Amino acid sequence: MKKPVILFLVIFATLLSLKFYIIQNEGEEGRTLAAQAGISSAHAADKQKETVYDRVMRTGKIRCGYVAHDPYVVIDPNTTKKSGIMHDVMEEIGRRQGFEIEWTAEVGWADFITGLEYGHYDILCSGGWNSANEGKLIGYTKPVYFQGIGIWVRTDDMRFDDHKELLNSPDVTVASGDGSLVSVIGQTDFPQAKILSLPNLNMATDFMQMVAMKKADVTFLSVYTGNRFIQNNPGTLKNIATETPIRVFPTSFIIPHDDYRLQQTLNAAIDELTYSGFIDRVLDRYESGIPGSFYRVAKPYAVPGK
119 MKKPVILFLV IFATLLSLKF YIIQNEGEEG RTLAAQAGIS SAHAADKQKE
169 TVYDRVMRTG KIRCGYVAHD PYVVIDPNTT KKSGIMHDVM EEIGRRQGFE
219 IEWTAEVGWA DFITGLEYGH YDILCSGGWN SANEGKLIGY TKPVYFQGIG
269 IWVRTDDMRF DDHKELLNSP DVTVASGDGS LVSVIGQTDF PQAKILSLPN
319 LNMATDFMQM VAMKKADVTF LSVYTGNRFI QNNPGTLKNI ATETPIRVFP
369 TSFIIPHDDY RLQQTLNAAI DELTYSGFID RVLDRYESGI PGSFYRVAKP
419 YAVPGK
C-alpha cells in the first residue's frame, strides 16, 4: 500500500477517535478540542445552543405568545389594552422576578406549538389545559388554577339529564374543534357519538352556538365559558354535569418541551403567588358574576390546630 494512502487512513482514524472523545467529554474541554481540531460536531453545537432560559436571563425579557381567549387573555376592542387571569399573573411574575413582559405575538390554538418550536416567542403566556398528546411536544408549568368541564345541551333537551350514558349513541352529535380536548372527551367517553369538528381557529362559543342551533346535540366546555355564553344567550343551553364535571383540567403556562430551568423559574414564582393569595384575588376578580367557575390550587399543608 502506498505511503499517502496509509497516511490518509491514519489521519482519518485519528480524527474519528478525537470526535468520539469530544462527544464523550461534554463541556468546555470538548468544545475547545472541537475548535482546535476543526471538527464540526452536531453534539458540540447543540451544547452551545442558547435555551429560552438563557435568553431570558441574558435579556431580562420574556416574550409572550398568547391566544386571545376569555378568561386567559382578553383584549379591549376599543383600547387594545390586555387583561385576563393569565395576563395578570404573568405580569406579576415579571414584576417579582425582574423580567420585562413583552406581549409579542397573538396566535391560535392550531399553530401555537409551531411558534414555540421556532422561537417566535418564549412562553405561551395565555396558558392552556394539560394534554397528553400535546405533552409530547411542549412543557407545562405548575397549575395556576383548575377548570371544571361541563356537559352542555339545549335547555329543552331532556334526553340526557339523568342518563348521560345515552350520549354514547350514533344518533348524538358532539360539537368540537379539530384535535381539541373537546373531541378527546367525545372520543374517549362517548365513542359511538358523531363528532362535528370545526377548524381549530373557531372560538369555543361557536361550539355552543352549534348546539343552540340544533346542528349538534352536545359540547364539552368549561363552566366559565358555558355560563358566560348563557349570560349573553339566556335560555339556550344548560349544564347537566353541575355536580360532577366530566373533566377537571389544570391551567398552566406552556413552555418549550425540554427547558427545565425555565420551568423551575416559573414554578417558583407560581408558588409564591399561590401561597401569598395573589392568584386567589385574581380569580375572585374574574369570577365575579359567575361564582364557582374556577377551582383553586389546594394548599399542601395544614395549619396546626385548625
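The numbering of the sequence shown is the numbering used here, which starts it at 119 and goes up by one.
Here a beta-carbon is modelled for each residue, glycine too, at the ideal position from N, C-alpha and C.
What you are looking at is a predicted structure, and each value in this text was computed from that prediction instead of being measured.
Give me the Cα-Cα distance between residue i and residue j, rounded to the nearest whole angstrom.
i      : j      : result
Tyr393 : Gln265 : 19 Å
Met276 : Ser411 : 24 Å
Tyr263 : Met204 : 10 Å
Tyr413 : Ile372 : 19 Å
Tyr258 : Cys182 : 15 Å
Tyr239 : Val421 : 41 Å
Asp398 : Pro368 : 15 Å
Lys356 : Tyr419 : 37 Å
Ser301 : Thr354 : 22 Å
Ser244 : Leu255 : 17 Å
Val271 : Phe217 : 44 Å
Leu380 : Ala311 : 41 Å
Leu285 : Ser370 : 30 Å
Trp496 : Ile180 : Nothing can be reported for residue 496: it is not among the residues displayed for the chain, which extend from 119 to 424.
Lys332 : Thr291 : 10 Å
Ordered along the chain, which non-local residues of its own chain (more than five positions away) have a Cβ less than 6 Å from that of residue i?
i      : result
Val341 : Gly266, Gly268, Ser411
Gln142 : A caution first: Gln142 carries a pLDDT of 44, below 50, which makes its placement in the model too unreliable to give a value.
Gly156 : Low confidence applies to Gly156: its pLDDT is 45, below 50, so where it sits in the model is not reliable enough to give any reading.
Ala416 : none
Gly246 : Ile372
Which same chain residues, not among the five before or five after residue i, have their C-beta less than 8 Å away from its C-beta?
i      : result
Leu401 : Ile203, Tyr263, Phe412, Arg414
Val185 : Val191, Glu224, Val225, Gly226, Trp227, Phe230, Leu242, Ser244, Gly246
Using a Cβ-Cβ cutoff of less than 7 Å, which residues in the same chain neighbour residue i once the five nearest sequence positions on both sides are dropped?
i      : result
Asp324 : Leu316
Kindly indicate the opening and closing residues of the alpha helix (DSSP H) around residue i.
i      : result
Gly233 : 230-235
Ser211 : Here the sequence assigns Ile to residue 211, which means Ser is not the residue at that position. 203-215 is the span of the alpha helix (DSSP H), which, as asked, contains Ile211.
Quick one: give me the first and last residue of the beta strand (DSSP E) that residue i is part of.
i      : result
Gly246 : 241-247
Ile408 : Unbroken run through Ile408: none, as it is neither H nor E.
Ala223 : 218-224
Practice item. For the stretch 286-305 and the stretch 344-351, state whether three or more C-beta atom pairs, one from each stretch, are separated by less than 8 Å. Key: Proximity of the stretch 286-305 to the stretch 344-351 falls short of the contact definition, fewer than three beta-carbon pairs being nearer than 8 Å.
Exercise for review: List in chain order: all unbroken alpha helix (DSSP H) runs of 4+ residues lying wholly within the stretch 253-323.
Suggested key: Counting only runs of 4 or more, we get 299-307.
Review point. How do the stretch 387-402 and the stretch 210-217 stand: do at least 3 beta-carbon pairs fall below 8 Å, yes or no?
Key: Touching, yes, given that three or more Cβ pairs across the two stretches are closer than 8 Å.
**Study point:** Inside the stretch 159-200 only - beta strand (DSSP E) runs reaching at least 3 residues
**Key:** Correct list: 179-184.
**Study point:** Runs of alpha helix (DSSP H) wholly within the stretch 337-400 (minimum 4 residues, chain order)
**Key:** The stretch 337-400 contains, as complete alpha helix (DSSP H) runs of 4+ residues, the segments 341-350, 378-393 (chain order).
Point to revise | the stretch 397-410 / the stretch 362-372 touching (three or more Cβ pairs under 8 Å) | key: Contact between the stretch 397-410 and the stretch 362-372 is absent, because fewer than three Cβ pairs lie under 8 Å.
Exercise for review: Check whether the stretch 189-198 touches the stretch 228-237, counting contact only when three or more Cβ pairs, one atom from each stretch, lie closer than 8 Å.
Suggested key: With the cut-off at 8 Å, the stretch 189-198 and the stretch 228-237 do not touch.
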